[in-house]
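Student:
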Amino acid sequence: MNYSSNGFQLDHRLENDSFFICQLDLCQVRLINDAQFVWLLLVPMVNGMSDVIDLDDELQQQLWRESSLLSRILRTEFVPDKLNVAAIGNVVSQLHVHHICRFKNDIAWPAPVWGRQAMVAYEQAEREGLIDTIKRRVTAR
Numbered sequence: 001m002n003y004s005s006n007g008f009q010l011d012h013r014l015e016n017d018s019f020f021i022c023q024l025d026l027c028q029v030r031l032i033n034d035a036q037f038v039w040l041l042l043v044p045m046v047n048g049m050s051d052v053i054d055l056d057d058e059l060q061q062q063l064w065r066e067s068s069l070l071s072r073i074l075r076t077e078f079v080p081d082k083l084n085v086a087a088i089g090n091v092v093s094q095l096h097v098h099h100i101c102r103f104k105n106d107i108a109w110p111a112p113v114w115g116r117q118a119m120v121a122y123e124q125a126e127r128e129g130l131i132d133t134i135k136r137r138v139t140a141r
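Numbering (the UniProt record's numbering), first residue to last: 1 to 141.
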């Protein structure tokens with residue numbers, strides 16, 4: 001299945017805070033620009049969605065398949081102590097699912113990653129390396 005993304009509009013805040021990695025059948029995969037965490041987003045390319053239940057059953061299932069794929073890649077590639085997966089959306093209502101590798105020694109452990117410390121932008125080389133790693137793993141599926 002390849003979902004048509006014609007006319008999809010990404011919320012400007014998600015666009016400003018993240019980098020495009022690749023496109024799956026339903027979702028864009030994006031890297032949050034905070035080098036303190038390996039923090040990815042899945043953004044379903046369907047306008048007007050705020051919550052998972054806004055998607056029809058088929059698209060909900062596709063979202064969870066893509067989330068499981070991304071979660072397995074993150075667990076294998078980065079070996080986090082805990083993988084946080086959540087669709088919060090209190091600030092940006094456009095449906096997006098956070099996938100965050102958490103480590104017992106990260107700056108925010110065990111608290112949530114947002115709102116506790118300033119974001120630290122990736123250096124270009126580190127960002128490009130991480131994006132290449134995720135792309136390679138996604139395309140090898």
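Virtual Cβ for every residue (Gly too), placed ideally from N, Cα, C.
So who's on the other strand from Ala86, going by DSSP bridges?
Tutor: His98.
Student: Quick check on DSSP: helix, strand or coil for Trp114?
Tutor: The answer is coil: DSSP assigns Trp114 none of H, G, I, E or B.
Student: From Arg13 to Leu24, what distance separates their C-alpha atoms?
Tutor: Going by the C-alpha atoms only, they are around 21 Å apart.
Student: Going residue by residue through the segment 11 to 79, where are the continuous beta strand (DSSP E) segments of at least 3 residues, counting only ones entirely within it?
Tutor: For the segment 11 to 79, whole beta strand (DSSP E) runs of length 3 or above, ordered along the chain, are 18 to 23, 27 to 32 and 38 to 44.
Student: Under 8 Å, with one C-beta from each stretch per pair, do the segment 52 to 69 and the segment 26 to 36 reach the 3-pair mark?
Tutor: Judged by Cβ distances under 8 Å, the segment 52 to 69 makes contact with the segment 26 to 36, as three or more pairs qualify.
Student: Got a sec? Which residues, its chain only, sit under 6 Å from Thr139 by beta carbon, not counting five neighbours each side?
Tutor: No residues qualify anywhere along the chain.
Student: Tell me the rounded alpha-carbon separation between Val97 and Leu42.
Tutor: For Val97 and Leu42, the distance between alpha carbons rounds to 5 Å.
Student: Relative to the C-alpha of Asp81, which residue among Ile100, Ser18 and Ile88 is closest?
Tutor: When only C-alpha atoms are compared, the closest one is Ile100.
Student: So what's Val138 in DSSP terms, helix, strand or just coil?
Tutor: Correct three-state label for Val138: helix.
Student: Please go through the same chain and pick out, in chain order, the residues whose beta-carbon is closer than 8 Å to the beta-carbon of Ser68, but skip the five residues on each side of it.
Tutor: Excluding sequence neighbours, Ser68 sits near nothing in its chain.
Student: Comparing C-alpha positions only, which one of Ala35, Gly7, Leu10 and Glu15 sits nearest to Ala121?
Tutor: If we check each option's Cα against that of Ala121, Ala35 comes out closest.
Student: Please classify Ser18: is it buried, with 16 or more other beta-carbons within 10 angstroms of its beta-carbon, or exposed?
Tutor: Flag for Ser18 reads buried.
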